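Asks: Before we start, here is the structure in question, set down as structure tokens.
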Amino acid sequence: MARNIDVAAYAKGVLAGDRGVLSKAITLVESHREDHRARAQELLVELLPHAGGAYRLGITGVPGVGKSTFIDQLGVDLTEQGHRVAVLAVDPSSTRTGGSILGDKTRMARLAVDPGAFIRPSPTSGTLGGVARATRETIVLMEAAGYDIVLVETVGVGQSEVTVANMVDCFLFLTLARTGDQLQGIKKGVLELADVIAVNKADGEHERDARRAARELSGALRMIYGPDAAWTPPVLTCSALHDIGLDTVWQQVQRHRDTLDESGDLAGKRRQQQVDWTWAMVREQLLGRLDAHPEVRAVVPEVERAVRDGELTPTLAAQRILDAFSGGTTP
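Quick note: the sequence shown, position 310, residue 309 per numbering that gives the first Met the number 0, numbers continuous.
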């Protein structure tokens, strides 16, 4: 029961870096129960002043790019340098299948047992918006618990990249040399979101292809970014499997942060992300209220039938539903 949740004790445990309490706190913010949501917000208010100190890196990549190996190796490298690393996932497929693929600890064997790291799978129910909300709130918890680097991974398809890019400081795109995905990435707009790009698996017989792909991508980016751009994404090559070039990738991530910091854009970016998050929550909560409204539930079957049968345009159908929600009438 929510009344048995001691928010003060949760806050104290999170601030102390207690992994057990942190796990319980994350479960609380992931819950869809109204009473849990209320307690979760109380907890977040307590912890918000202690958050914001971590660097947030989003990581996406084409299928088969070796993202798990990359995160595992990068995470271990960072903890060896004294950092505390949190790995979170935004996996929209988990909202449909009820299972979480990204964030599965079996994919990051070394990082999973690293005392300086914490891996959290994606929430397994709700909408992409709900998963994103839980991830944003989990970032607050992780930062309050003392993790100074937060890695947020996403599956390399669909709207999830935009969602993740809007909750991190830097967005890293991993691609391959042998699939033409760099050109496909331009069509999908992924490159426009990326701050740093790395061609992975640049080892052995594939090293030359990887370097050529990096040159091609650099040329493509020159068409996207003008000569006066404050930041043009660098394109690097690396091999996560052999830990080659990951230090250079991380150096570019840090250079991106320094560039934003010096211009004041990092603080401004975070402030705007908070505003964007607010409006995302408005939309999600409005949709939830719409779905639960008794008058709306009463008219939806007939409205949907009329649309399917061609008796009503989608625009008029939407107006009927909104009128039912607001108590208005459509002529």
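Backbone N, C-alpha and C fix where the C-beta goes; we use that ideal spot for every residue, glycine too.
These numbers were taken from a predicted model, which means no experiment stands behind them.
From which residue to which residue does the alpha helix (DSSP H) around residue 9 run?
Replies: Residue 9 sits at position 10 when you count from the first residue of the sequence shown. Segment 6-14, the alpha helix (DSSP H) holding residue 9.
Asks: Quick one: what's got a C-beta closer than 8 Å to residue 237's C-beta in the same chain, skipping five residues either side?
Replies: As a position in the sequence shown, residue 237 is number 238, starting the count at 1. For residue 237, where only same-chain residues beyond five positions count, the Cβ hits under 8 Å are 69, 197, 198, 199, 201, 243, 244, 245, 247, 248.
Asks: With burial defined as no fewer than 16 other Cβ atoms inside 10 Å of the residue's Cβ, what is the status of residue 309: buried or exposed?
Replies: In the sequence shown, counting from the first residue as 1, residue 309 sits at position 310. Counting Cβ neighbours within 10 Å, residue 309 comes out exposed, since fewer than 16 surround it.
Asks: Can you tell me which of 277, 195, 241 puts its alpha carbon nearest to the alpha carbon of residue 203?
Replies: Counted from its first residue, the sequence shown places residue 203 at position 204. Of 277, 195, 241, the residue nearest in Cα terms is 241.
Asks: Touch check for the segment 138-149 and the segment 45-56: three-plus C-beta pairs under 8 Å?
Replies: Segments in contact, yes.
Asks: Locate the alpha helix (DSSP H) running through residue 240, then write down its first and last residues.
Replies: In the sequence shown, counting from the first residue as 1, residue 240 sits at position 241. Element bounds for residue 240: n/a, residue is neither H nor E.
Asks: Can you have a look at residue 232 and say buried or exposed, based on whether 16 or more other CB atoms are within 10 angstroms of its CB?
Replies: Along the sequence shown, one-based indexing puts residue 232 at 233. It counts as buried.
Asks: Should the segment 165-174 be regarded as contacting the segment 54-61, the criterion being three or more beta carbon pairs within less than 8 Å?
Replies: yes
Asks: Give the secondary structure of residue 277 by DSSP, where H, G and I count as helix, E and B as strand, and everything else as coil.
Replies: To locate residue 277, count along the sequence shown from 1; it is residue 278. Residue 277: helix per DSSP, three-state reduction.
Asks: Any heavy atom of the ligand NAP closer than 8 Å to the CB of residue 84?
Replies: No copy of the ligand NAP appears in this structure; indeed no ligand is present at all.
Asks: For residue 197, does the three-state DSSP call read helix, strand or coil?
Replies: Start at 1 with the first residue of the sequence shown, and residue 197 comes out as number 198. In this structure, residue 197 counts as strand in the three-state DSSP scheme.
Asks: Note down, in chain order, each residue of its chain lying with its Cβ closer than 7 Å to the Cβ of residue 313, except the 5 sequence neighbours on either side.
Replies: Locating residue 313 in the sequence shown gives position 314, where the first residue counts as 1. Here the set comprises 306.
Asks: Assign residue 310 to one of three DSSP states: helix, strand, or coil.
Replies: As a position in the sequence shown, residue 310 is number 311, starting the count at 1. Look at residue 310 here: in three-state DSSP terms it is coil, with no helix or strand label.
Asks: Considering only C-alpha positions, which residue in the set 212, 158, 175 is nearest to residue 192?
Replies: Along the sequence shown, one-based indexing puts residue 192 at 193. With distances taken between Cα atoms, residue 192 lies closest to 158.
Asks: Short of 7 Å in beta carbon distance, which residues of its chain neighbour residue 223, apart from the five on each side in sequence? Order them along the chain.
Replies: Here residue 223 refers to the residue found at position 224 of the sequence shown. The residues are 190, 191.
Asks: From residue 272 to residue 279, what does the alpha carbon distance come to, in whole angstroms?
Replies: Residue numbering aside, residue 272 sits at position 273 when the sequence shown is read from its first letter. Residue numbering aside, residue 279 sits at position 280 when the sequence shown is read from its first letter. Answer to the nearest angstrom: the Cα atoms are 10 Å apart.
Asks: Looking at the structure shown, is residue 19 part of a helix, part of a strand, or coil, going by DSSP?
Replies: The residue you call residue 19 lines up with position 20 of the sequence shown. If DSSP states are grouped into helix, strand and coil, residue 19 belongs with the helices.
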